[in-house]
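Each residue of the sequence shown is one higher than the last, beginning at 1 in my numbering.
Below: one structure, written as structure tokens.
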Amino acid sequence: MDTFALIVTVGVALGFTYTNGFHDSANAIATSVSTRALTPRVALAMAAVMNLGGAFIGQGVAKTVSEGLIETPHGDRGMGILFAALVGAIVWNMVTWYFGLPSSSSHALFGGMVGAALAGGTEVIWSGVLHKIVIPMFVSPFVGLIAGYLVMVLIMWMFRRTNPHKAKRGFRIAQTVSAAGMALGHGLQDAQKTMGIVVMALVIADVEQAGDEIPVWVRIACAVMLSLGTYAGGWRIMRTLGRKIIELDPPQGFAAETTGASIMFGSAYLFNAPISTTHVITSAIMGVGATKRLNAVRWGVAKNIILGWFITMPAAALVAAVSYGVIWLVFG
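Here's what the structure looks like:
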């Protein structure tokens, strides 16, 4: 096995983690910044630290990603498949970041894996893709939408006799906690996805055995790169989540963040399911906003976001397949 190919693939995986961080930083802090609960730089610093911590509090999601989605052959072909998958995910992350579209970095990665595997002539485990990726992709936004609506209704009922200005001040403070929970959940989910890819590369290179514990250096490297990317900030997407879907106030921001964080922790610990933090927080914001009145949500913006969700996996798969073809022509 070419050691250089392993080093390059791991480096590209860490590069993907960095793009994941700045692409998804809005997920954790957009609502807190838009309601002025936190200043942008303070929010980003907090999110970076909590992302770092979240990467170390589990490994179930990483094992789900590294096993049961595609069969990766040992040798240069397997490493080429992983490399092409990461290229597909990175390219789609950059495209959606440029247009300010909060698409899922997770599903860009999964789409890249499927596209590269098909182009590389290796087996895609479709049952695993269905149960681990596709079903959670459809279920989690639905849960986020309904849960966000119910949580906001509960808050409105509990504080119905409270002075509105006093309640908003209290929720602005509470958003510090809920935003930290979102960032911790993001680290728990998204850092582990890249850990799973790096572990796959190590198994392909016969450096690690399938089923082994994730090496400490892999956890540290993925956590640090995700945190650095988060601190870099994704301002284009932050404006979409924080303002364009609906104008949030502090109670609504708290409800959306609490909903999103709860779903991410529950899916990671109960099901080891790699869900999209983007899908969850966006749908929670829509659900929370709908309690005000249905037309308070800018459904035209929401429609474009949801359309982006549907095209993310096939688009990343196409880029990954083309990337594998180029690799094969140049190095095959």
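All C-beta atoms, glycine included, are put in the ideal place defined by N, C-alpha and C.
Measure the alpha-carbon distance for residue i versus residue j and round it to whole angstroms.
| i | j | result |
| --- | --- | --- |
| V198 | I263 | 26 Å |
| A221 | G260 | 26 Å |
| G242 | W97 | Because the pLDDT at G242 is just 48, under 50, the model does not fix this residue reliably, and the value given afterwards should be weighed accordingly. When rounded, the distance between both Cα atoms is 15 Å. |
| A317 | V216 | 30 Å |
| K303 | W309 | 10 Å |
| V95 | M225 | 20 Å |
| T278 | F265 | 14 Å |
| G75 | T312 | 29 Å |
| H337 | N51 | Absent from the model: residue 337. The displayed extent of the chain is 1 to 332, so no value can be given. |
| F138 | G211 | 29 Å |
| M200 | P141 | 28 Å |
| D206 | G88 | 25 Å |
| I285 | A5 | 42 Å |
| R169 | P250 | 8 Å |
| I57 | L188 | 7 Å |
| E213 | T3 | 21 Å |
| Y231 | S32 | 15 Å |
| A179 | S323 | 37 Å |
| L270 | G60 | 10 Å |
| G78 | T39 | 45 Å |
| F110 | W126 | 12 Å |
| F331 | G325 | 10 Å |
| M156 | V10 | 48 Å |
| H165 | I7 | 55 Å |
| R36 | L44 | 13 Å |
| V288 | W328 | 48 Å |
| P314 | V134 | 12 Å |
| R219 | S267 | 20 Å |
| S34 | V280 | 18 Å |
| L145 | E247 | 17 Å |
Tell me where the alpha helix (DSSP H) around residue i begins and ends.
| i | result |
| --- | --- |
| A268 | 250 to 271 |
| H107 | 105 to 119 |
| H165 | 164 to 186 |
| I204 | 192 to 204 |
| L228 | 216 to 232 |
| R77 | 76 to 98 |
| R41 | 40 to 54 |
| L154 | 135 to 158 |
| S283 | 277 to 289 |
| V124 | No alpha helix (DSSP H) contains V124, which DSSP labels as neither H nor E. |
Quick one: what's got a C-beta closer than 6 Å to residue i's C-beta in the same chain, skipping five residues either side?
| i | result |
| --- | --- |
| L86 | V12, A13, F16 |
| V114 | V124, A317 |
| P136 | A273, I275 |
| G336 | In the structure as shown, the chain starts at 1 and stops at 332, and residue 336 therefore has no counterpart that could be examined. |
| I70 | M113, A117, V124 |
| A48 | S227, T230, Y231 |
Relative to the alpha-carbon of residue i, which residue among the options has its alpha-carbon at the smallest distance?
| i | options | result |
| --- | --- | --- |
| Q192 | R160, G128, G54, F4 | G54 |
| T194 | G100, I305, A108, A147 | A108 |
| G148 | A290, Y324, S323 | A290 |
| M183 | G60, T35, F22 | At residue 183 the sequence reads Ala, which differs from the Met that was named. Answer by Cα proximity: F22. |
| G121 | V129, Q59, V218, I81 | I81 |
| S105 | L118, G253, D24, F271 | D24 |
| V153 | V10, W328, K292, V8 | K292 |
| V129 | K166, E67, L101 | E67 |
| Q252 | L202, E208, V319, A174 | A174 |
| M46 | V177, R161, F83, T35 | V177 |
| I204 | R41, F83, A43 | F83 |
| D190 | A223, V218, R161, P314 | A223 |
Beta-carbon within less than 7 Å of residue i's beta-carbon, same chain only, minus the 5 sequence neighbours each way: which residues are those?
| i | result |
| --- | --- |
| V151 | A255, T258, T259 |
| L228 | Y18, G21 |
| V143 | I263 |
| A321 | G115, A116, L118, A119 |
| F159 | A167 |
| P73 | T122 |
| F171 | P250, P251, F254 |
| G163 | In the sequence on display, residue 163 carries Asn and not Gly. Cβ within range, chain order: n/a, list empty. |
Using DSSP with H/G/I as helix, E/B as strand and the rest coil, what is residue i?
| i | result |
| --- | --- |
| V207 | coil |
| I70 | strand |
| I7 | helix |
| L329 | helix |
| I57 | coil |
| D417 | The requested residue 417 is not part of the displayed model; the chain covers only 1 to 332. |
| T35 | coil |
| K292 | coil |
| P274 | coil |
| D2 | coil |
| L101 | coil |
Any beta carbon from chain C within less than 7 Å of residue i's own beta carbon?
| i | result |
| --- | --- |
| T291 | You won't find chain C in this structure, because it holds only one protein chain. |
Leaving out five residues on either side along the sequence, give the residues of the same chain with a beta carbon under 8 Å from the beta carbon of residue i.
| i | result |
| --- | --- |
| T64 | K132, G196, N272, A273, P274 |
| V319 | V87, G88, V91, W92, G112, G115 |
| E208 | V199, L202, P215 |
Considering only heavy atoms of the ligand NAD, does any lie closer than 6 Å to the CB of residue i?
| i | result |
| --- | --- |
| L154 | Absence of the ligand NAD from the depicted structure is noted, as is the absence of any ligand whatsoever, leaving it without description. |
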